[in-house]
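Single-structure report; data block below.
Number of protein chains: 2
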Amino acid sequence: MSLPKYYEQKLRILEIIGETSPGTMIPTERELAERFDTSRTTIRKAIAELVVEGRLARTQGRGTFVADPKKIHVRQMTSFSEDMTGYKTDSIVLGLERIEAGGEMAARLDVPVDSTVTRLRRLRRQDGEPLAIEAAHLPGPFPGLEIELEARGSLYETLREVYGIDISAAEDHVETALAAADDAETLGVDTGHPLLQVHRTAWDQHGRAAEWMRGLYRGDRFRFVARISR
Amino acid sequence: MSLPKYYEQKLRILEIIGETSPGTMIPTERELAERFDTSRTTIRKAIAELVVEGRLARTQGRGTFVADPKKIHVRQMTSFSEDMTGYKTDSIVLGLERIEAGGEMAARLDVPVDSTVTRLRRLRRQDGEPLAIEAAHLPGPFPGLEIELEARGSLYETLREVYGIDISAAEDHVETALAAADDAETLGVDTGHPLLQVHRTAWDQHGRAAEWMRGLYRGDRFRFVARISR
DNA sequence: ACATCATATTGGTCTATGCCAATTTTAAGC
DNA sequence: GCTTAAAATTGGCATAGACCAATATGATGT
Numbered sequence: 001m002s003l004p005k006y007y008e009q010k011l012r013i014l015e016i017i018g019e020t021s022p023g024t025m026i027p028t029e030r031e032l033a034e035r036f037d038t039s040r041t042t043i044r045k046a047i048a049e050l051v052v053e054g055r056l057a058r059t060q061g062r063g064t065f066v067a068d069p070k071k072i073h074v075r076q077m078t079s080f081s082e083d084m085t086g087y088k089t090d091s092i093v094l095g096l097e098r099i100e101a102g103g104e105m106a107a108r109l110d111v112p113v114d115s116t117v118t119r120l121r122r123l124r125r126q127d128g129e130p131l132a133i134e135a136a137h138l139p140g141p142f143p144g145l146e147i148e149l150e151a152r153g154s155l156y157e158t159l160r161e162v163y164g165i166d167i168s169a170a171e172d173h174v175e176t177a178l179a180a181a182d183d184a185e186t187l188g189v190d191t192g193h194p195l196l197q198v199h200r201t202a203w204d205q206h207g208r209a210a211e212w213m214r215g216l217y218r219g220d221r222f223r224f225v226a227r228i229s230r
Numbered sequence: 001m002s003l004p005k006y007y008e009q010k011l012r013i014l015e016i017i018g019e020t021s022p023g024t025m026i027p028t029e030r031e032l033a034e035r036f037d038t039s040r041t042t043i044r045k046a047i048a049e050l051v052v053e054g055r056l057a058r059t060q061g062r063g064t065f066v067a068d069p070k071k072i073h074v075r076q077m078t079s080f081s082e083d084m085t086g087y088k089t090d091s092i093v094l095g096l097e098r099i100e101a102g103g104e105m106a107a108r109l110d111v112p113v114d115s116t117v118t119r120l121r122r123l124r125r126q127d128g129e130p131l132a133i134e135a136a137h138l139p140g141p142f143p144g145l146e147i148e149l150e151a152r153g154s155l156y157e158t159l160r161e162v163y164g165i166d167i168s169a170a171e172d173h174v175e176t177a178l179a180a181a182d183d184a185e186t187l188g189v190d191t192g193h194p195l196l197q198v199h200r201t202a203w204d205q206h207g208r209a210a211e212w213m214r215g216l217y218r219g220d221r222f223r224f225v226a227r228i229s230r
């Protein structure tokens, strides 16, 4: 019947959050521990969950602050760039290479094993803050993709205008995942931070596999939206 | 550059997992702590993440065991029951009441405030293990729903056959959430366990809002799948 | 053999503490 | 005033340990 002690503290801290507005600093961990007559460890566990839920943000040496829990929508079939209007968003190309398709990749893109696959890794940001990592895999060499993509920004737009590939169907698989050490570093979150992991297979106007994508989105900042009708 | 210490232990435990098969017991926390020359606290943090990822399962007094990380797919527009073929699944009705629509509910279902809304809360299980909580809200009293639903099992089938409501469009919003104390208890997971939270608005053949649903799915056991074409 | 009860084992929770790292604040020097 | 350096503050990370709760084990008695 009784709640875990850390959870009680979480509820009490939520009250503090409710009384203030985003940007306000809450009391220090040591002060909260003393005020609520508990250990700093327990307070930190409570705060950790509130950070994961996007209600708090903390910085070493500065303090812990009330955050704005708004979420960005990622829609099916619309690229990231189309969906983040109204924000100062940008996209950093982390890498664009041609690799040889392994067994799994070959199956996903329906190409022979060892054939050339183009891999594009991008970091998505909003107001300079990293929010998502997307790794797209395309069947073939796609010569000149670097330059064409640079000019347009949107991958799907580039595929359509330059390579005649019109993405017309897609299947997304959405699940939770915990940030691995390297992804956590790139995204600026703690190792183990919950993420939305999206795997997408997309097909062109002829029904051929055109893209296989893996996206990692900060769980506290994103919501995946899918609409369907028949 | 260096990895967090608990994360190193996580990788080492993953090696142990890789060498065995589901059901095998791994060494106790105290033994792992001694073997890896670290504290039990650090080992527990590593194990906690592996539990969240579905790689381990632990029981007080028994031990920690290698788990089978398979995930169940939840598809858009198909009910839970249609999707879990091959498993011994069942559904427990936690509650079926008629309530008055509040402001938010009224807006979501496009009905007047204070009008009657039917709320159906169900617990979804597989082989007796609770896996998901779904709360559906329907606009209107839906007399006899208890009996009709009992006979058919599937809500969408009941709506179609008995009430002439054919769900023909839906929008799902998928995000991560941490299990609150009561939901954690119902699902048999720890408080704070990552979940997939799905909000669905569904419309009938005339474009009228027919359902508003909130689902909580264990993040370690589910994957949301959405397919679209144009 | 079987059931019962005490004991040991194992995970669950919380505490107290130490030290490090990033940042802010204060003091010192010019 | 301004810059620079030292000190204090605050979160980050890991440790050791105490005690509890659930389960498994082994001893005991019949």
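For the record, the sequence lines run as chains A and B.
Residue numbering for the first sequence is 1 to 230, as defined by UniProt numbering.
Residue numbering for the second sequence is 1 to 230, as defined by UniProt numbering.
From the three backbone atoms N, C-alpha and C, an ideal C-beta is built for every residue, glycine too.
When 8 Å is used as the limit between beta carbons, A:Leu178 is near these residues of chain B: Glu49, Val52, Glu53, Pro194, in chain order. For B:Pro69, the closest Cβ of chain A is not nearer than 8 Å. Close to A:Ser229, with beta-carbon spacing below 7 Å, are these residues of chain B in chain order: Ser168, Ala169. Between the C-alpha atoms of A:Glu100 and A:Ala107 there is a straight-line separation of about 13 Å. Just so you know, the alpha carbons of B:Phe65 and B:Glu53 end up roughly 13 Å apart.
When the Cα atoms are used, B:Thr28 and A:Ile165 turn out to be separated by approximately 54 Å. A residue is called buried once 16 or more other Cβ atoms fall within 10 Å of its Cβ, and A:Gln9 is buried on that count. By the C-beta density criterion, B:Leu11 is exposed, having fewer than 16 other C-beta atoms within 10 angstroms. By the rule that beta-carbons nearer than 8 Å mark a contact, B:Glu161 does not touch chain A. At a cut-off of 8 Å between C-beta atoms, A:Thr191 counts as an interface residue with respect to chain B.
Contact annotation: the stretch 65-77 of chain A touches the stretch 23-39 of chain A, with at least three C-beta pairs closer than 8 Å.
Bounds of the alpha helix (DSSP H) holding A:Thr158 are 155-163. Under the three-pair Cβ rule at 8 Å, the stretch 220-227 of chain A does not count as touching the stretch 177-188 of chain A. The C-beta of B:Pro130 comes no closer than 8 Å to any C-beta of chain A.
Residue pairing from DSSP places A:Ile133 in a beta bridge opposite A:Leu123, A:Leu216. For B:Ala209, the nearest beta carbon of chain A is not closer than 8 Å to its own beta carbon. Just so you know, the alpha carbons of A:Asp183 and B:Glu19 end up roughly 26 Å apart. About 6 Å separates the beta carbon of B:Arg230 from that of A:Ser168, a gap short enough to meet the 8 Å contact definition. Partner residues in the beta bridge of B:His173, as assigned by DSSP, are A:Val225, B:His199.
Taking a Cβ-Cβ cut-off of 9 Å, the neighbours of A:Phe224 in chain B comprise Asp172, His173, Val174, Glu175, Phe224, Ala226, given in sequence order. DSSP, read as helix, strand or coil, puts A:Met25 in strand. Put simply, of A:Gly102, A:Leu196, A:Leu120, A:Glu150 the residue whose alpha carbon is nearest the alpha carbon of A:Val113 is A:Gly102.
Beta bridge pairing from DSSP links B:His73 with B:Arg223. As the crow flies, the alpha-carbon of B:Ala136 is around 13 Å from that of B:Ala170.
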